[in-house]
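**Student:** Respectively, the protein sequence lines represent chains A and R. For the first sequence, the numbering used here gives the first residue as 47, with consecutive numbering after it. For the second sequence, the numbering used here gives the first residue as 3, with consecutive numbering after it.
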Amino acid sequence: MNCGVVVFPGSNCDHDCFHVLKHVFKLHTEWIWHKGGQDLSRFDLIVLPGGFSYGDYLRAGAIAQFSTVMKEVIGFAESGGKVLGICNGFQILVESGLLPGALMQNHSRKFICKTVLVRVENARTPFTQKCAEHSVLNIPIAHHQGGYFIDPEELRRLEENGQVVLRYCGSAGEVTGEFNPNGSVGNIAGIINAGGNVMGMMPHPERCADPAWSNLDGQLIFKSIIHSCQNGVSV
Amino acid sequence: MKVRSSPDITPDIVCQHGLTLEEYRRIQDLLGRVPNLTELGIFSVMWSEHCSYKSSRYHLKKLPTEGPRVLQGPGENAGVVDIGDGLAVIFKIESHNHPSFIEPHQGAATGVGGILRDIFTMGARPLALLNSLRFGEPDHPRTRFLLNGVVDGISSYGNCTGVPTVGGEIYFDPCYNGNILVNVFCLGLVPSDKIFLGNASGVGNPVIYFGSKTGRDGIHGASMASSEFDDSSEEKRPTVQVGDPFTEKLLIEACLELMKKDWVVGIQDMGAAGLTCSTFEMAGRAGTGIDLDLSRVPRREEGMTPYEILLSESQERMLVVVKRGMEEEALALFRKWDLDAAVVGEVTDKPVVRIFENGNQVVHLPVELVVDGALDLERPAARPTDLDAINRIDLTEIPEPVCGDEVLRKLLASANIASKHWVYEQYDHMVRLNTLGLPGSDAAVLRVKGSKKALAISVDCNSRYCYLDPFYGTQIAVAECVRNIVCSGGMPIGLTNCLNFGNPEKPEIMWQFAQSVAGLGEICRFFDIPVVSGNVSLYNETLGEAIYPTPTVAVVGLLEDRSCHTTQWFKESGHLIGLMGLTLEELGGSEYLSVRFNRVEGKPPHLDRVLERSVHEMCLALISEGLVVSAHDCSEGGLGVALAESCISHPESPRGAELHIESTIRHDACLFGESQSRILVSFPENNREAVEEKARIMKVPFAVIGKVGGDSLVVNVNEEEFIREEVATLKKLWMGALETYVR
Chain A
47 MNCGVVVFPG SNCDHDCFHV LKHVFKLHTE WIWHKGGQDL SRFDLIVLPG
97 GFSYGDYLRA GAIAQFSTVM KEVIGFAESG GKVLGICNGF QILVESGLLP
147 GALMQNHSRK FICKTVLVRV ENARTPFTQK CAEHSVLNIP IAHHQGGYFI
197 DPEELRRLEE NGQVVLRYCG SAGEVTGEFN PNGSVGNIAG IINAGGNVMG
247 MMPHPERCAD PAWSNLDGQL IFKSIIHSCQ NGVSV
Chain R
3 MKVRSSPDIT PDIVCQHGLT LEEYRRIQDL LGRVPNLTEL GIFSVMWSEH
53 CSYKSSRYHL KKLPTEGPRV LQGPGENAGV VDIGDGLAVI FKIESHNHPS
103 FIEPHQGAAT GVGGILRDIF TMGARPLALL NSLRFGEPDH PRTRFLLNGV
153 VDGISSYGNC TGVPTVGGEI YFDPCYNGNI LVNVFCLGLV PSDKIFLGNA
203 SGVGNPVIYF GSKTGRDGIH GASMASSEFD DSSEEKRPTV QVGDPFTEKL
253 LIEACLELMK KDWVVGIQDM GAAGLTCSTF EMAGRAGTGI DLDLSRVPRR
303 EEGMTPYEIL LSESQERMLV VVKRGMEEEA LALFRKWDLD AAVVGEVTDK
353 PVVRIFENGN QVVHLPVELV VDGALDLERP AARPTDLDAI NRIDLTEIPE
403 PVCGDEVLRK LLASANIASK HWVYEQYDHM VRLNTLGLPG SDAAVLRVKG
453 SKKALAISVD CNSRYCYLDP FYGTQIAVAE CVRNIVCSGG MPIGLTNCLN
503 FGNPEKPEIM WQFAQSVAGL GEICRFFDIP VVSGNVSLYN ETLGEAIYPT
553 PTVAVVGLLE DRSCHTTQWF KESGHLIGLM GLTLEELGGS EYLSVRFNRV
603 EGKPPHLDRV LERSVHEMCL ALISEGLVVS AHDCSEGGLG VALAESCISH
653 PESPRGAELH IESTIRHDAC LFGESQSRIL VSFPENNREA VEEKARIMKV
703 PFAVIGKVGG DSLVVNVNEE EFIREEVATL KKLWMGALET YVR
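#1: Let me make sure I understand the geometry here. Which of R:H52, R:T163 and R:I197 has the alpha-carbon closest to that of I92 (chain R)?
#2: In three-state terms, what does DSSP make of V702 (chain R)?
#3: Return no unless some Cβ of chain A is closer than 8 Å to the Cβ of M737 (chain R).
#4: Who are the Cβ neighbours of I549 (chain R) in its own chain at under 8 Å, not counting the five residues just before and after it?
#5: Could you tell me how far apart the beta carbons of V192 (chain R) and A110 (chain R) are, in whole angstroms, since I believe they sit closer than 8 Å?
#6: The alpha helix (DSSP H) that contains S626 (chain R), what's its start and end?
#7: Let's see if you can read the secondary structure: which residues bound the beta strand (DSSP E) around C49 (chain A)?
#8: Assuming G242 (chain A) contacts G131 (chain A) (C-beta within less than 8 Å), just tell me the rounded distance between them.
#9: What did DSSP end up calling G347 (chain R) once you bin it into helix, strand or coil?
#10: The ligand FAD and G628 (chain R): does any heavy atom of the ligand fall closer than 7 Å to the residue's C-beta?
#11: According to a CB-to-CB cut-off of less than 7 Å, which residues of the stretch 237-262 of chain A neighbour chain R?
#12: What's the C-alpha gap between E603 (chain R) and D396 (chain R)?
#13: Measuring only the C-alpha atoms, how far is V281 (chain A) from A169 (chain A)?
#14: Does chain A have any CB closer than 8 Å to the CB of F122 (chain R)?
#15: May I ask you to verify whether the stretch 319-336 of chain R touches the stretch 380-387 of chain R, counting CB pairs closer than 8 Å and requiring at least 3?
#16: Are the C-beta of I158 (chain A) and some C-beta of chain R separated by less than 8 Å?
#17: Is it right to say H180 (chain A) is buried, meaning 16 or more other beta carbons lie within 10 angstroms of its own, or is it exposed?
#18: Buried or exposed: which applies to F147 (chain R), given that a residue is buried once 16 or more other Cβ atoms fall within 10 Å of its Cβ?
#19: So, under 8 Å CB-CB, L42 (chain R) and I11 (chain R) are touching, yes? Tell me the CB distance rounded to an integer number of Å.
#20: Between A288 (chain R) and the rest of its own chain, which residues show a CB-CB distance below 6 Å, the 5 nearest in sequence each way excluded?
#21: Using the Cα positions of V597 (chain R) and G170 (chain R), report the straight-line distance between them to the nearest angstrom.
#22: So if DSSP puts K709 (chain R) in a beta bridge, which residue, or which two residues, is it bridged to?
#23: For the beta strand (DSSP E) that contains D823 (chain R), what are its first and last residues?
#24: Determine the DSSP secondary structure at Q270 (chain R), reduced to helix, strand or coil.
#25: What separation, rounded to the nearest whole angstrom, lies between the Cα atoms of R611 (chain R) and K63 (chain R)?
#26: Take E96 (chain R) as the anchor and find which of R:A90, R:D295 and R:C500 has the nearest alpha-carbon.
#27: Starting from the N-terminal side, write out each stretch of the beta strand (DSSP E) that is 3 residues or longer and does not extend beyond the stretch 54-100 of chain R.
#28: If you measure between the beta carbons of N99 (chain A) and N134 (chain A), is that distance less than 8 Å?
#29: Does any residue of chain R have a CB that is nearer than 8 Å to the CB of H65 (chain A)?
#30: Assuming D462 (chain R) is part of the beta strand (DSSP E), what are its boundary residues?
#31: With a threshold of 16 other CB atoms inside 10 Å of the CB of N277 (chain A), please say whether the residue is buried or exposed.
#32: Run through DSSP, which three-state label would E378 (chain R) get?
#33: Count the other CB atoms, across all protein chains shown, that sit within 10 Å of the CB of Q18 (chain R); report buried if there are 16 or more and exposed otherwise.
#34: Quick one, are the C-beta atoms of S142 (chain A) and I120 (chain A) less than 8 Å apart?
#35: Who are the neighbours of A298 (chain A) on chain R, taking C-beta pairs under 8 Å?
#36: List the DSSP bridge partners of P368 (chain R).
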């Protein structure tokens, strides 16, 4: 299985994603430079990591959508390749139109870095198939613009299609405002496209996937992807 | 070639440049001529307190800076300490106090930027940031604005550069109402044979400028940081620079890529005093000269004068000397990262810096004169006359509380003791996957990838103690910082300091400074911890009111085995709680006196250095042998607060505890006094004999004082209940208090 991690000049979780793919899961992993020109067709998975792509002084990801590499990633996704956008990667996916909706400033208007709980709403995706349906994962968030927004009509469609994959919740899986860290509509923490090959999530699975820590819930996301790349979606 | 002259330099102009007439005469004598205005500008920044350390150098010379692990002591951008396995750590703490008071967001942000550059300039990838922040009273009208601005500035800059901010400390005290402190620490990791220095050696080698363009911002920042504030300080806002963390991120990556090449000769960032400082210092260290052509410097705006280009403190700029012939490769690398870059000069053999603009020579100055020519002052020092009265305290005047509940609640809700999660959750403290010990325990702990090792880092200073006794107050800051390190399982390997004081021209302030440095030197020698880098910030005064002396220290510790990493919170019901050290009847300078009686009086707690060292050794032995599962140092708020924190700081499940303490002293002193050299530990009952045996062998007073369990913290003194509080209540108070001040 070949993995590629996109490096925008302001990416800063690129090393973490690379580390987990290559050193924890022992996958063949390469860097993909933002200025483009690499043939992406050999990859099974492309990760858009967290960070501040081009500084993000404007809306996060607003500049990145115009980068050469994103044109290539869009082509890769359109031909069915799997793309995982984490944090800034999610913001870029939304800005580039690979995923619907928008990510707004946290309602606290502050950056938030802490471990939160998310409920798996759809465990039949290539990114979550190793999770139990409605199981609760412990995953850190670290963002300033993580409030997911989409209009009611489109939200209804997302829900009906099972495209809402993760929601912020309490320890018993309760999805209420109390457990919503950033003001996301419907506590949404992660969504998938209609084709089921592009997922964006604000929480950082790579931050809880290295055995140096006791919390390894993030491994379930990577194990799901590996399993689906090797065997397809088995659910 | 003749140096361009400029209009007559009047005493007024000299004064506006922050130089005394004595210093101006010295310049003329040493130079043998009258300097032009640009040259005067160069002297004004290079001879400023900030750059020249003219008031402090005499004292700093007395600090111990060497040790078997020290690869680089003070004098470079940062200190370097060997950690084995072919690796070294580079670290330093630096202040950005004055700019942060004028413009908190940008002041703090550029403080982070500056310290990051000091670290990656030497070849290290920055691994962690910490900070020590001091604000005025929580309810002072400006505090909320300053705290929010500073935290926001640190958050935006640190988070964007992808360097985790893993810990720190925040104190509030009226003495900082008019002069806050923002001290920022950075540590980087580097292969020990790949350390880069700020040397401009090799005659004929090109000097390359890279990073952001030069603008008119920050001109005379170093001079601003070398004077007191008055009512017009707001007008100094234009001297505060504006940070661009995205460019900093590009600089980090470009520099680390550059340093893999074997043709980099020397490199330095442009910090205080900008292009001037890096040019002169790089030549100074190599004993060479530099010819600089200002017309090639990338500029943000048209029409900048040589004076402005040389004194600009625009951020995110670097100067590098490479081997002759490699300039094109260097420029191509900077283009890859979309950074501005240009060859701006050449190394010469004569130790003189010559600066040209469009073919005209505008500066011609001997390097040594600028770098080392500042006066070495031994300013007069005198003990403050009112200190004796302040040190006197009659405990019989202080009513003893019958029950400790209310005091404990008040202390946990005091801004100085309350949980700082509101702050550290705004910092990305996890990025780069090294943070084993998250913020909220005694020290931050970081793994060293590719080895079994880990690093523990803590910053500390109780400035109230330093005000009451700068010598012992400073020693306590070091002792407590080391205690934080050993509680996390680390062995101290090096120290860096940021000495924040008032106006050194006042003998009382100079006395505080001299006492503090003497105390620091003595305790570091005793503990055998080298001082490898540091920074001095003087003139922390507004309208003649000085801050308390605040010698912030940061200690770095090494864990040979990262699995020995220990946290402060109780782990399991049934575990025994033990206290190392002695509790004396001491209340001087305590948070208790301040919170309950609004008094800052008495003497700081007694420090027994020998006992302190034995406690460190015992704690490390207990941890490395796996005998204890938690360790927490007793500091502000004493044993009572340490117990409460061990109960409530567990990130998931707080635990109660029941204590039975035998005591012959006042109950308030027993629970809330701040006696030094005490560490609270917990351990399974099976280990009791081994732990007690260790205490006997190591001659450390030790007592088992209670047991973990239940939903409440219950403290009985001499079999009488003194405290009974539900841990859930305590946790809520402690977690929520800070937010009530900042919202």
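Quick reminder that beta carbons are idealized off the backbone N, C-alpha and C, glycines included.
**Tutor:** Considering the structure as presented:
#1: Ranking R:H52, R:T163 and R:I197 by Cα distance to I92 (chain R) puts R:I197 first.
#2: The answer is coil: DSSP assigns V702 (chain R) none of H, G, I, E or B.
#3: At a cut-off of 8 Å between C-beta atoms, M737 (chain R) does not count as an interface residue with respect to chain A.
#4: Correct list, in chain order: R136, C177, Y178, N181, L183, S465, N502, F503, G504, N542 and E543.
#5: In fact, because the Cβ distance is near 26 Å, the residues do not count as touching under 8 Å.
#6: Note, S626 (chain R): alpha helix (DSSP H), R611 to S626.
#7: In the DSSP assignment, C49 (chain A) falls within the unbroken beta strand (DSSP E) covering N48 to V53.
#8: Going by Cβ atoms, the distance from G242 (chain A) to G131 (chain A) rounds to 15 Å, so no, they are not a contact pair.
#9: DSSP places G347 (chain R) in strand when its eight states are reduced to three.
#10: The model depicted lacks the ligand FAD and carries no ligand whatsoever.
#11: Taking 7 Å as the upper bound on Cβ-Cβ separation, chain R lies near residues R253, D256 and A258 of the stretch 237-262 of chain A.
#12: Separation of E603 (chain R) and D396 (chain R) (C-alpha to C-alpha, rounded to the nearest whole angstrom) is 10 Å.
#13: In this prediction, V281 (chain A) has a pLDDT of 45, which is less than 50 and means its spatial position is unreliable; nothing more can be read from the coordinates.
#14: Contact with chain A is absent for F122 (chain R), since none of that chain's Cβ atoms lies less than 8 Å from the residue's Cβ.
#15: As far as the Cβ criterion goes, the stretch 319-336 of chain R does not touch the stretch 380-387 of chain R, which means the pair count is below three.
#16: Yes, I158 (chain A) lies at the interface with chain R (some Cβ there is under 8 Å from its Cβ).
#17: H180 (chain A) counts as exposed, since fewer than 16 other C-beta atoms from the protein chains shown sit within 10 angstroms of its C-beta.
#18: Its Cβ having fewer than 16 others within 10 Å, F147 (chain R) is exposed.
#19: Between I11 (chain R) and L42 (chain R) the Cβ distance is about 6 Å, and since that is below 8 Å, they are a contact.
#20: Beyond the five residues adjoining it in sequence on each side, A288 (chain R) comes within less than 6 Å, by CB distance, of N201, A202 and S203 in the same chain, given in chain order.
#21: Straight-line Cα distance between these residues: approximately 22 Å.
#22: Under the DSSP definition of a beta bridge, K709 (chain R) partners with R:L578 and R:E660.
#23: Any question about residue 823 (chain R) goes unanswered here, given that chain R covers just 3 to 745.
#24: In the structure shown, Q270 (chain R) adopts extended strand secondary structure according to DSSP, grouped into three states.
#25: One C-alpha to the other measures close to 23 Å.
#26: Measuring from the Cα of E96 (chain R), the nearest candidate turns out to be R:C500.
#27: As far as the stretch 54-100 of chain R is concerned, its whole beta strand (DSSP E) runs of at least 3 residues are 72-74, 81-86 and 89-97.
#28: What sits at residue 99 (chain A) in the sequence shown is Ser, not Asn. Taking 8 Å as the Cβ cut-off, S99 (chain A) and N134 (chain A) qualify as a contacting pair.
#29: Contact with chain R is found for H65 (chain A), since one of that chain's Cβ atoms lies less than 8 Å from the residue's Cβ.
#30: Counting along the chain, D462 (chain R) sits inside the beta strand (DSSP E) bounded by residues A456 to D462.
#31: Looking at its Cβ environment, which holds fewer than 16 other Cβ atoms inside 10 Å, N277 (chain A) is exposed.
#32: Position check: residue 378 (chain R) holds Asp in this sequence, whereas Glu was assumed. D378 (chain R) falls in the coil class under three-state DSSP.
#33: A residue is called buried once 16 or more other Cβ atoms fall within 10 Å of its Cβ, and Q18 (chain R), having fewer, is exposed.
#34: Yes, the Cβ-Cβ distance between S142 (chain A) and I120 (chain A) is below 8 Å.
#35: This structure cannot settle anything about residue 298 (chain A), because the visible part of chain A is limited to 47 through 281.
#36: DSSP lists R:V354 as partners of P368 (chain R).
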